[in-house]
Every structure is written in structure tokens, then in C-alpha cells.
Amino acid sequence: MRGYREMFDESIHDPTTFWGEAAEAVTWTRKPQRILDDSNPPFYRWFPDGELNTCANALDRHVDGGRGDQAALIYDSPVTGSKRIYTYDELLDQTARFAGALRALGVARGDRVVIYMPMIPEAVIAMLACARLGAVHSVVFGGFAAHELATRIDDARPVVVVSASCGIEPTRTVEYKPMLDAALDMAEHPPRNCVIVQRDAHRCELNPNRDVDWNDLTGADPVDPEPVAATDPLYVLYTSGTTGKPKGIVRDNGGHAVALLWSMRNIYDIAPGEVFWAASDVGWVVGHSYIVYGPLMAGATTVLYEGKPIGTPDPGAFWRVVSEYGVKALFSAPTALRAIRKEDPAGTHIGRYDLSSMRYLFQAGERLDPDTFAWASEKLGIPVVDHWWQTETGWAIAANPMGVAPMPIKAGSPTVPMPGYDVRILHVDGSHCAPGEEGAICIGLPLPPGTLPTLWGDDDRYEASYLCEHPGYYLTGDGGYLDEDGYLFVMGRIDDVINVAGHRLSTGSIEAVLATHPAVAECAVIGVADEIKGQVPRGFVVLTAGTSEEGLAEELVQLVRDEIGAVACLKQVDIVPALPKTRSGKILRKTMRGIAHGKDEPVPSTIEDPAVLDALKSVLQD
Numbered sequence: 050m051r052g053y054r055e056m057f058d059e060s061i062h063d064p065t066t067f068w069g070e071a072a073e074a075v076t077w078t079r080k081p082q083r084i085l086d087d088s089n090p091p092f093y094r095w096f097p098d099g100e101l102n103t104c105a106n107a108l109d110r111h112v113d114g115g116r117g118d119q120a121a122l123i124y125d126s127p128v129t130g131s132k133r134i135y136t137y138d139e140l141l142d143q144t145a146r147f148a149g150a151l152r153a154l155g156v157a158r159g160d161r162v163v164i165y166m167p168m169i170p171e172a173v174i175a176m177l178a179c180a181r182l183g184a185v186h187s188v189v190f191g192g193f194a195a196h197e198l199a200t201r202i203d204d205a206r207p208v209v210v211v212s213a214s215c216g217i218e219p220t221r222t223v224e225y226k227p228m229l230d231a232a233l234d235m236a237e238h239p240p241r242n243c244v245i246v247q248r249d250a251h252r253c254e255l256n257p258n259r260d261v262d263w264n265d266l267t268g269a270d271p272v273d274p275e276p277v278a279a280t281d282p283l284y285v286l287y288t289s290g291t292t293g294k295p296k297g298i299v300r301d302n303g304g305h306a307v308a309l310l311w312s313m314r315n316i317y318d319i320a321p322g323e324v325f326w327a328a329s330d331v332g333w334v335v336g337h338s339y340i341v342y343g344p345l346m347a348g349a350t351t352v353l354y355e356g357k358p359i360g361t362p363d364p365g366a367f368w369r370v371v372s373e374y375g376v377k378a379l380f381s382a383p384t385a386l387r388a389i390r391k392e393d394p395a396g397t398h399i400g401r402y403d404l405s406s407m408r409y410l411f412q413a414g415e416r417l418d419p420d421t422f423a424w425a426s427e428k429l430g431i432p433v434v435d436h437w438w439q440t441e442t443g444w445a446i447a448a449n450p451m452g453v454a455p456m457p458i459k460a461g462s463p464t465v466p467m468p469g470y471d472v473r474i475l476h477v478d479g480s481h482c483a484p485g486e487e488g489a490i491c492i493g494l495p496l497p498p499g500t501l502p503t504l505w506g507d508d509d510r511y512e513a514s515y516l517c518e519h520p521g522y523y524l525t526g527d528g529g530y531l532d533e534d535g536y537l538f539v540m541g542r543i544d545d546v547i548n549v550a551g552h553r554l555s556t557g558s559i560e561a562v563l564a565t566h567p568a569v570a571e572c573a574v575i576g577v578a579d580e581i582k583g584q585v586p587r588g589f590v591v592l593t594a595g596t597s598e599e600g601l602a603e604e605l606v607q608l609v610r611d612e613i614g615a616v617a618c619l620k621q622v623d624i625v626p627a628l629p630k631t632r633s634g635k636i637l638r639k640t641m642r643g644i645a646h647g648k649d650e651p652v653p654s655t656i657e658d659p660a661v662l663d664a665l666k667s668v669l670q671d
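Those letters in the sequence shown? Residues 50 to 671, by the numbering used here.
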């Protein structure tokens with residue numbers, strides 16, 4: 050604890066020294082002399098006079114250092130039966146050539162490229178190629194609806210869109226080209242060209258006036274990395290906005306490289322040559338930070354997995370990958386663990402594989418409930434490390450620094466704030482909450498390197514969305530508390546706090562109790578209107594395989610009453626086959642809440658399976 054405290058205190062009280070030392074891990078073309086530009090708050094900029102190239106830090110420097118033969122990228126696709134390992138030499142060659150192809154199509158430093166692709170190596174190559182040119186990529190999750198794709202194209206105004214003929218799911222093939230063509234018809238600012246990867250599962254028709262086959266570009270002359278300012282944008286990643294217009298989270302080059310390199314060594318305990326697997330998608334921030342940039346800049350081997358935790362072919366899919374490639378650390382969302390546990394509660398499939406290489410299981414993306422934590426800890430026998438962050442921050446706000454000073458794990462907590470994150474719990478009036486008292490989780494400015502400096506083309510919206518509620522602080526939008534040891538507990542979005550007859554209750558605390566029941570695979574609690582009490586909670590649970598429903602709802606209601614008290618007023622628990630989720634695994638509680646209140650709630654573009662929500666509507670409106 051002493052090691053962590055000293056490290057954290059220096060980052061808060063002497064950030065220029067702390068981050069200046071961390072910046073030594075980066076290969077700069079011009080080393081920064083200034084660490085923090087705080088002349089224009091709240092628009093702080095890190096390493097303002099530094100210059101670098103992110104792709105060179107991810108590829109070239111490892112090849113130049115004599116490690117070109119090491120595996121850089123492992124592609125494993127159970128949905129197609131394909132596997133391939135790319136060395137650093139091979140990945141650099143293909144990236145440099147595709148960068149040359151993009152340059153021939155007119156892409157220059159500062160131009161935007163939209164990438165709309167499945168989990169295939171070409172997606173990683175396209176991202177790195179953009180970084181090599183100093184172009185700004187914006188990855189849109191493959192399979193997003195045409196309208197959502199069009200809004201992102203119009204906001205980013207790309208010179209080129211890179212896509213594929215299709216994505217492949219366990220039970221279907223998703224044709225991308227019709228959705229891309231429809232989006233381009235809607236867009237006011239379509240690109241000059243589209244580059245299309247033709248996949249064997251489905252080949253699409255190309256528009257000769259706009260589309261170019263990826264394979265026709267592989268012979269392009271390779272290009273050298275273009276040095277850019279540390280404050281130049283590396284990518285824009287869109288997240289849903291409350292106004293209907295997506296918010297473009299900007300990530301700069303310099304702060305991003307420094308923060309991710311620090312996190313790979315100090316949070317994830319990953320050294321060059323070790324295998325790291327983030328079981329996410331390049332369409333999400335986890336894919337950017339920890340499938341592509343973090344592991345490669347650290348000189349590790351990263352896994353690109355085109356499959357699911359279950360059904361490709363069974364609940365042992367993750368354990369097979371860990372065993373086959375010697376994965377040291379696996380990073381997934383809790384929803385993946387719950388899906389595995391639902392299908393294999395006894396952990397039978399875990400025993401089928403040699404998992405001796407795996408030292409850690411990291412969890413993020415949503416709250417890790419204590420029961421799922423306990424199940425994984427028992428079955429795997431290794432540290433199950435929760436950590437918490439956001440698309441906006443790009444890396445962990447709170448975590449357990451396994452590579453420098455591992456701390457005791459507390460179930461339900463992502464442990465402690467990481468360097469640079471001055472986490473405070475605030476009341477509505479801005480006053481500070483006492484230890485154990487719930488409030489809004491805020492972060493004192495300046496935010497550390499790697500976090501968003503602003504929104505794409507909209508400084509005013511950046512301030513209005515994150516900085517105005519509590520001046521001097523970034524509003525995370527989540528509620529929670531710090532305990533007497535300084536551990537953070539994240540209880541859910543602020544709008545998931547309900548007011549029951551004057552008592553403020555976090556739906557996350559009720560979910561935590563429901564999740565302790567051995568029959569519950571996953572659950573969600575929402576607040577619904579009540580004439581007498583204002584709001585009351587309502588629970589929805591999915592059961593583990595082979596569990597009987599008889600008497601279970603009443604048992605769960607009593608469990609919450611016993612653990613939280615009658616004040617919780619939970620009287621209704623519905624047993625459902627599945628919960629509606631985004632493709633990243635987050636339960637759509639806000640959408641469920643709107644439907645329960647009789648609103649004509651639009652289906653979110655990020656939904657994994659609309660049929661699950663359709664099946665749930667009659668239950669929600671009951």
C-alpha cells in the first residue's frame with residue numbers, strides 16, 4: 050500500500066515529474082521539454098512540444114530493436130476456422146504498404162479515415178496505417194445500422210472508408226456492403242473512396258467509381274512513419290449522445306502513448322514478448338487501447354479473437370485460446386463470465402485446458418458483481434482484478450496495479466484510483482461525501498495523459514457534457530463511494546439511483562444482492578414509478594442452466610429484504626430468458642426503464658440482439 054500511495058501522491062502533487070518520467074518509455078522524434086500546458090483551463094494538454102509517431106512506437110521500434118521475429122498479432126477466428134500469427138516484421142510490412150495505399154488514395158496527415166470492419170487483421174492494419182500517416186481514424190463497430198454510420202461519416206468527414214464485405218456471427222453472416230452503401234447515400238459528406246476486404250463467406254459487388262479491393266492495394270510501396278505533434282489527434286471514437294448526435298471522443302498521440310505504456314507494465318504486469326488478450330472488439334475503446342495500441346507499444350503479443358465466449362463452439366472457448374497461445378492476462382467484460390457461468394456453472398470446461406500460463410483475469414466494462422467475482426476466483430484460482438474506466442478516459446480510472454504494487458482485492462471494488470485520477474465523491478451541491486457515503490464520482494482537473502482533451506469539433510459540448518456540473522471536476526456520470534481505505538466502489542450510473550419514499554437507493558446495490566443467489570446467472574434492477582413511494586425497484590434475472598423457477602422469485606424478494614431491509618421495497622422479480630445488451634455487454638437499463646414507463650423507446654444502435662428486447666417488452670409493460 051505504501052508503494053501505491055507514494056506513486057499516486059506524486060502523480061497528483063507533482064504531475065510533471067511523474068508523467069515526465071513515464072514519458073521516457075516512449076520513442077519520441079522530438080522529446081518534450083514541457084510536460085503539461087495548463088495555460089488554458091479546462092483545456093489542458095500534455096507534452097505540447099513533443100513529437101512522435103504512434104505506429105512507429107507500436108511496430109518499428111521493436112523491429113529496429115531486433116525483435117522482428119516475435120509474434121505481434123495472433124488472429125483466432127472460430128467462426129471461420131481461421132488462425133494466423135503475424136510477426137512484428139510481417140505486421141510492419143503490411144501496415145507500411147497499406148499506409149502507402151492510403152496515401153495514394155489521397156489520405157494525408159490530419160485527414161480522417163472511417164473504419165467499419167469485423168474482427169479481422171485488416172482492421173488492425175488499417176488503424177496502424179492511419180497512425181503511420183498521421184491521419185485520424187474513426188472505427189465504427191462493424192454492423193452498425195446505416196443511419197448511425199452516416200452520422201459518424203458526416204461528423205468525421207473521411208477521405209476514405211475502409212470496410213469489408215461481411216461480418217460473421219455464430220449463426221449468421223452480416224452483409225456490410227449494403228449498410229455501407231445506404232449510409233453513403235444518406236451522408237452529406239461521403240468519402241472519395243472505399244476500400245473493401247472481400248471475405249470468403251460472402252463477396253460483395255464493388256462500385257467501380259468508388260470502391261477498391263483491398264487485395265489490389267497490397268503491392269503498394271511502403272511508407273515511413275510521419276512524425277506528428279503529441280497533441281495531434283490519433284483517433285476519434287464515437288459514443289452515444291443524449292441529443293441524438295454522437296459525441297466524438299478525441300484521443301491524442303502523445304498522452305495516449307505515455308498512459309498506455311505505463312498501464313501495460315504497471316496495471317497489467319505485461320512485459321515484452323508476453324501474451325495479452327483483451328476479449329473485446331476494435332469498435333470499442335477496449336479494442337483500441339488493449340487489442341491494438343497498448344500491447345503492441347509494449348512489445349507484447351496481442352490476440353485478435355473473432356468469436357464469442359459461448360457458442361463458438363462451447364463455454365470453453367476462452368479457455369482454449371488461453372491454453373493454446375499461453376495467454377498471461379485475459380481482459381473481458383463481466384457479461385462474458387456470466388454467460389460462461391450460465392452454461393457451465395460447475396466450471397467443467399475450465400478443467401479441460403492447461404491454464405498455467407494465465408496469471409490474471411481482468412474485468413471491466415460494467416460492474417463486476419461479487420458473486421461472479423467469487424465464482425471466477427474459485428474456478429480459476431488466480432487474481433480476478435476488477436478495474437473501471439470509460440471511453441472518455443481511454444485507460445483505467447481505478448484499478449489494482451498488479452505490475453508494481455498489488456493490493457488486497459475487495460469484492461465489488463475496482464480497487465483504488467490510478468495515477469493522475471484525483472477521484473472525489475461529491476454531493477449535488479458540490480460538497481464532499483464522507484467515506485462510505487454515496488455520491489457522484491468526479492475527477493479533479495487536469496485529467497491525466499491519455500484521456501480526452503475535448504470532443505471532435507465541439508469544445509462547448511465537451512464543457513457542457515462533463516465539466517459544468519461541478520467546476521474544476523470532470524463528471525463521470527457514475528455514482529459510488531470511497532471506503533475508509535480509499536477503495537472505490539462504483540454502484541452504477543447516476544440516473545440508476547432511485548428515490549423510494551425519500552430514501553435514495555442504488556439499483557446496483559440491489560443487483561449485488563440478487564447476484565449472490567446461486568440460481569442467478571445475471572440480473573438487472575430498474576426503478577419504476579409508484580403512486581405512493583415515487584419509485585420502487587423491479588428486478589429481472591436470468592437463471593443458470595438447469596435451475597428450477599418454482600418459488601424462486603419470492604425467494605429473491607426475501608433475500609433483498611434480508612440483506613438491505615424493507616426500505617428497498619423490492620416486491621417484483623421477473624425471470625426472463627435473456628437481458629437486452631449492447632454489443633460490448635452492457636445491459637440496457639435506461640431502455641428497459643423507458644419501456645416500463647410506457648415510452649416509445651427507440652432501439653439503440655448498439656444493441657446486440659433486438660429480439661431480446663422485443664421479447665421483454667410485454668414483461669416490462671406489465
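Note that the Cβ used here is the ideal one computed from N, Cα and C, for glycine as well.
The shortest CA-to-CA distance from Tyr165 to any of Glu224, Val661, Tyr93, Ile624 is the one to Glu224. In this structure, the beta-carbon distance from Ser372 to Trp444 does not fall below 7 angstroms. One thing to note: Tyr530 has its Cβ within 7 angstroms of the Cβ of Gly485.
Shown here, Pro586 sits in a strand according to DSSP, grouped into three states. Rounded to whole angstroms, Pro90 and His62 show a C-alpha spacing of 18 angstroms.
The residues Met56, Phe57, Ser60, Phe67, Pro497, in chain order, have a CB closer than 7 angstroms to that of Pro468 in the same chain once the five nearest residues on each side in sequence are set aside. With fewer than 16 other CB atoms across the displayed protein chains lying within 10 angstroms of its CB, Val453 is exposed.
For Cys179, DSSP records no beta bridge to any residue. Residue pairing of Lys296 in beta bridges, as defined by DSSP: Thr288. The beta carbon of Pro207 sits closer than 6 angstroms to the beta carbons of Arg161, Val162, Val163, Pro240 from its chain, once the five residues preceding and following it are set aside; these are given in chain order. Between Val209 and Val156, the C-beta spacing is below 7 angstroms. For Thr631 and Asp658, the gap between their C-alpha atoms comes out near 8 angstroms. Comparing alpha-carbon positions, the option among Glu323, Ile474, Gly506 lying closest to His519 turns out to be Ile474. In the displayed model, Leu141 falls within a helix according to three-state DSSP.
By the CB criterion at 7 angstroms, Met451 and Thr464 fall outside the cutoff. It is roughly 10 angstroms from the alpha-carbon of Leu665 to the alpha-carbon of Phe589. Boundaries of the alpha helix (DSSP H) around Ile202: 195-205. For Pro466, the three-state secondary structure derived from DSSP is strand.
Counting other Cβ atoms within 10 Å of its Cβ, Ala395 stays below 16 and is therefore classed as exposed.
By the Cβ rule, the segment 400-413 does not count as touching the segment 637-655, because fewer than three pairs are nearer than 8 angstroms.
The distance from the Cβ of Ile543 to that of Asp532 is about 19 angstroms, inconsistent with a contact at the 8 angstroms cut-off.
Leu504 is bridged by DSSP to Ile298. Assignment of alpha helix (DSSP H) within the segment 75-153, counting only whole runs of 4 or more residues, yields 110-113, 137-153 in chain order.
Cys517 sits exposed, since fewer than 16 C-beta atoms from the chains shown fall within 10 Å of its C-beta. By the C-beta density criterion, Pro127 is buried, having at least 16 other C-beta atoms within 10 angstroms. Excluding residues up to 5 positions away in sequence, Ile474, Leu475, His476, Cys482 lie with their Cβ nearer than 6 angstroms to the Cβ of Gly488 in the same chain. For Glu224, the uninterrupted beta strand (DSSP E) run begins and ends at 222-224, by DSSP. In terms of Cβ geometry, Tyr522 and Gly541 do not form a close pair [threshold 7 angstroms].
With distances taken between CA atoms, His646 lies nearest to Pro586 out of Lys635, Pro586, Gln607. Within the same chain, Thr129 come within 8 angstroms of Asp249 by CB-CB distance, once the 5 residues on both sides are set aside.
The segment 321-376 is shown to contain whole beta strand (DSSP E) runs of 3 or more residues at 324-327, 350-354, in chain order.
The beta carbons of Thr500 and Glu441 sit about 7 angstroms from each other, so the pair counts as a contact at 8 angstroms. For Lys357, the closest C-alpha among the options Ser329, Ser406, Tyr342 is that of Ser329. Approximately 5 angstroms separates the beta-carbon atoms of Val185 and Pro282; this is inside 8 angstroms, confirming the contact.
Per DSSP, the continuous alpha helix (DSSP H) segment holding Asp663 begins and ends at 659-669. Counted as a single uninterrupted DSSP element, the alpha helix (DSSP H) harbouring Leu386 occupies residues 383-392.
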